[in-house]
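In our numbering, the protein residues as written are -12 to 391.
For each residue, glycine too, the CB sits at the ideal point set by N, CA and C.
As the structure is a computational prediction, the values presented were derived from the model and not from experiment.
What follows is a set of notes on a single structure, which appears directly below.
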Amino acid sequence: MTSAAATPGLDALSDTHTGQTWAYSLVLTLTGIALGVSGMPAPLYGIYQSTWHLTPLTTTVIFAVYAFAALAAVLVSGTISDAVGRKPVLLAATATLVVGLVVFLLAQNVWMLLLARMLHGAAVGSIVVAGAAALMDLRPDHGRRTGQLSGAAFNIGITFAILGSSLLAQYAPYPLRLPFVVIGALVVAIGVGLLALRETHTERGQSSLRVAKPSVPSEIRGDFWFAALGVMAAWSVLGVLLSLFPTLAAQKTGVHNLVFGGAVVAVSAFAAALVQLAATDLEARRSALVGDLGMAVSLLLTIPALASHNPYAVFAISAVLGAAFGLSFGGSLRHLSNVVPAGRRGETMSAYYLLAYSAMAFPTIGAGWAATEWGLDAIYPWFAALAAAACLVAGWLGIRPSTR
């Protein structure tokens, strides 16, 4: 998280709207921390499962309710921030993030976990959208660099949050309490910084509050489905990676240390961040295509890696899968941003994120239900094969001539 804020050159350019040279770094860091909060419970799900005797289906529903809440926030927070400003939305979302952490801290049952995840979904969805708009307000001529850094911050935030929560849960007292206290203190510190932030969106006019209507312009339909199928495959993998994969990796390798499960996810996220930082000069369509094909291959390779019971093999394939994810997601988003007509961006991106969050939620719930019925070990190869097939379909759409 702090790595994104400390990237060389971030403070070299003064914000032309507020004169606050730290504003861009602050908003970028908030984005990374928010996404980190979304992933930090991943190493703790195993404790919840064993302590409260949760089924894999219950665990995945707890995870998926976050995606539904985030989707709802994505559809409305952009127009709200256009109408009232970025700062009020970011402050409200940050406060909601803290409330969700408090609910996690006090959780005594599944319903409290569901409420906490719902609050975090709404908060993170709002921060992602309003934060992206604020970054563009602050540096309007650096959209490509902002997209690169935002994607890296996403994965760096997840990396440090998951590693931190797994270390605290394994070696510190109160494993289901202390991680939320520590991350909560960081979020509160960012919130204090936001209070000093000057509003970045000063020319608001008479924007109306409305839900962004998902729609795809007919002239870019082929490009849209190439990008959308890529992100759907990537985010379905992300959902299972964050909710079930740490438990499966521990079962297959016999390493039940929480840090191992957290590190398996963290190495994927960190590899994705590194690739996104390094691949900016790679043409967007080619990046997405390489990522789609790479995810298909690496997903299939996770099956023998898990079957080997070798933790080093699991780490290695997790890193490869994360790198492919970074290329696929980053390339797909950049490609769609390049081709969507300027006047249709809101509705097109609404459709894009509607499919992305649905792909995170529904396949994850399906995998949880199947794991409850037949066992996680038995269903994972089928999930990997289906997700790999979706990646190949996305790749095929990228290879064939454009239908525009």
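Residues near Gly278 by beta carbon distance below 6 Å, same chain, minus five either side: For the purposes of this step, residue 278 is identified with residue 291 of the sequence shown, where counting begins at 1. Within the same chain, Gly278 has close Cβ partners Ala311, Leu314, Ser315 and Gly318.
Helix or strand or just coil, what does DSSP make of Gly241? By 1-based counting over the sequence shown, the position of residue 241 is 254. The answer is coil: DSSP assigns Gly241 none of H, G, I, E or B.
Could you work out which residue in Leu216, Leu106 and Ala117 is closest to Ala70 when comparing CA atoms only? Taking the first residue of the sequence shown as position 1, residue 70 is located at position 83. Checked all of Leu216, Leu106 and Ala117; the closest Cα to Ala70 is Ala117.
With DSSP collapsed to three states, give me the class of Gly362. Along the sequence shown, one-based indexing puts residue 362 at 375. Look at Gly362 here: in three-state DSSP terms it is coil, with no helix or strand label.
Buried or exposed: where does Ala271 fall if 16 or more other Cβ atoms within 10 Å of its Cβ makes it buried? In the sequence shown, residue 271 corresponds to position 284, counting from 1. Per the 10 Å Cβ criterion, buried.
Give me, in chain order, the residues of the same chain whose beta-carbon lies closer than 7 Å to that of Ala(-9); leave out the 5 immediate sequence neighbours on both sides. Mapped onto the sequence shown, residue -9 falls at position 4. Interpretation of Ala(-9) is limited by its pLDDT of 40, a score under 50 that renders its predicted location unreliable; the figure taken from the coordinates is listed afterwards. Excluding positions up to five away in sequence, the list reads Leu15, Thr16, Gly19, Leu136, Ala139, Ala140 and Ile143.
Whole angstroms is fine: what's the gap from Ser223's alpha carbon to Ala215's? As a position in the sequence shown, residue 223 is number 236, starting the count at 1. As a position in the sequence shown, residue 215 is number 228, starting the count at 1. Those two C-alpha atoms are separated by around 12 Å.
Out of curiosity, what's the CA-to-CA distance linking Thr66 and Val301? If you number the sequence shown from 1, residue 66 lands on position 79. If you number the sequence shown from 1, residue 301 lands on position 314. C-alpha of Thr66 to C-alpha of Val301: approximately 43 Å in a straight line.
Taking the alpha helix (DSSP H) that Arg208 belongs to, which residues open and close that run? Numbered from its first residue, the sequence shown carries residue 208 at position 221. Its alpha helix (DSSP H) spans residues Arg208 to Ser230.
Closest to Val48 by C-alpha separation, out of Pro30, Ala79, Val86 and Trp98, would be which residue? Here residue 48 is taken as the residue at index 61 of the sequence shown, counted from 1. When only C-alpha atoms are compared, the closest one is Trp98.
Nearest to Ala51 (by Cα), restricted to the options Val63, Leu102, Val85 and Pro30: By one-based count along the sequence shown, residue 51 stands at place 64. Among Val63, Leu102, Val85 and Pro30, the Cα nearest to that of Ala51 belongs to Leu102.
With DSSP as the reference, label Glu334 as helix, strand or coil. One-based indexing of the sequence shown puts residue 334 at position 347. DSSP, read as helix, strand or coil, puts Glu334 in helix.
For the stretch 233 to 292, list the alpha helix (DSSP H) runs that are entirely contained and at least 4 residues long, ordered along the chain. DSSP assignment within the stretch 233 to 292 yields the following whole alpha helix (DSSP H) runs of 4 residues or more, N-terminal first: 245 to 265.
Quick one: what does DSSP say Gly72 is sitting in, helix, strand or coil? To locate residue 72, count along the sequence shown from 1; it is residue 85. The answer is coil: DSSP assigns Gly72 none of H, G, I, E or B.
Suppose contacts are defined by Cβ-Cβ distances below 7 Å. Is Phe370 in contact with Ala354 by that definition? For this step, residue 370 is matched to residue 383 along the sequence shown. For this step, residue 354 is matched to residue 367 along the sequence shown. For the 7 Å CB-CB criterion, Phe370 and Ala354 form a contact.
Excluding the five sequence neighbours on either side, which residues of its own chain have a C-beta within less than 6 Å of the C-beta of Ala54, listed in chain order? Within the sequence shown, residue 54 is the residue found at index 67, counting from 1. Answer for Ala54: Tyr344, Met347 and Ala348, listed in chain order.
Can you find the residues in the same chain that come closer than 6 Å, C-beta to C-beta, to Ala292, ignoring five residues on each side of it along the sequence? Counting from one through the sequence shown, the residue named residue 292 turns up at place 305. Within the same chain, Ala292 has close Cβ partners Ala300, Val301 and Ile304.
Between which two residues does the alpha helix (DSSP H) harbouring Gln36 extend? Looking up residue 36 in the sequence shown gives position 49. Its alpha helix (DSSP H) spans residues Tyr32 to Trp39.
Could you tell me how far apart the beta carbons of Ile114 and Ala21 are, in whole angstroms, since I believe they sit closer than 8 Å? Here residue 114 refers to the residue found at position 127 of the sequence shown. Here residue 21 refers to the residue found at position 34 of the sequence shown. Indeed, because the Cβ distance is near 4 Å, the residues count as touching under 8 Å.
Reduced DSSP category for Leu163 - H, G, I as helix; E, B as strand; rest coil: Taking the first residue of the sequence shown as 1, we reach residue 163 at position 176. Annotated three-state conformation of Leu163 is coil, per DSSP.
Taking the alpha helix (DSSP H) that His107 belongs to, which residues open and close that run? For the purposes of this step, residue 107 is taken as the residue at position 120 of the sequence shown. Val97 to Leu125 is the extent of the alpha helix (DSSP H) around His107.
Quick check on this structure: which residue in Leu44, Leu276 and Ala172 has the alpha carbon closest to the alpha carbon of His322? Locating residue 322 in the sequence shown gives position 335, counting from the first residue. Selection Leu44, Leu276 and Ala172 evaluated against His322 yields Leu276 as nearest (Cα-Cα).
Relative to the C-alpha of Ala253, which candidate in Leu384, Gly151, Val262 and Leu181 has its C-alpha closest? Along the sequence shown, one-based indexing puts residue 253 at 266. Of Leu384, Gly151, Val262 and Leu181, the residue nearest in Cα terms is Gly151.
Given a threshold of 16 other Cβ atoms within 10 Å of its Cβ, counted over all protein chains shown, does Gly(-4) qualify as buried or as exposed? Here residue -4 is taken as the residue at index 9 of the sequence shown, counted from 1. Unreliable positioning characterises Gly(-4) in this predicted model, as indicated by a pLDDT of 43, which lies under 50. The coordinate reading is nonetheless provided below. So Gly(-4) ends up on the exposed side.
Go ahead and label Val168 buried or exposed: buried means 16 or more other beta carbons lie within 10 angstroms of its beta carbon, across all protein chains shown. Locating residue 168 in the sequence shown gives position 181, counting from the first residue. Of the other Cβ atoms in all chains shown, fewer than 16 fall within 10 Å of the Cβ of Val168; this residue is therefore exposed.
Relative to the C-alpha of Leu181, which candidate in Ala357, Tyr11, Leu373 and Met336 has its C-alpha closest? For this step, residue 181 is matched to residue 194 along the sequence shown. Answer by Cα proximity: Tyr11.
For a minimum of 4 consecutive residues, which ranges assigned as the alpha helix (DSSP H) are wholly contained in the stretch 292 to 330? Complete alpha helix (DSSP H) runs here, min 4: 298 to 326.
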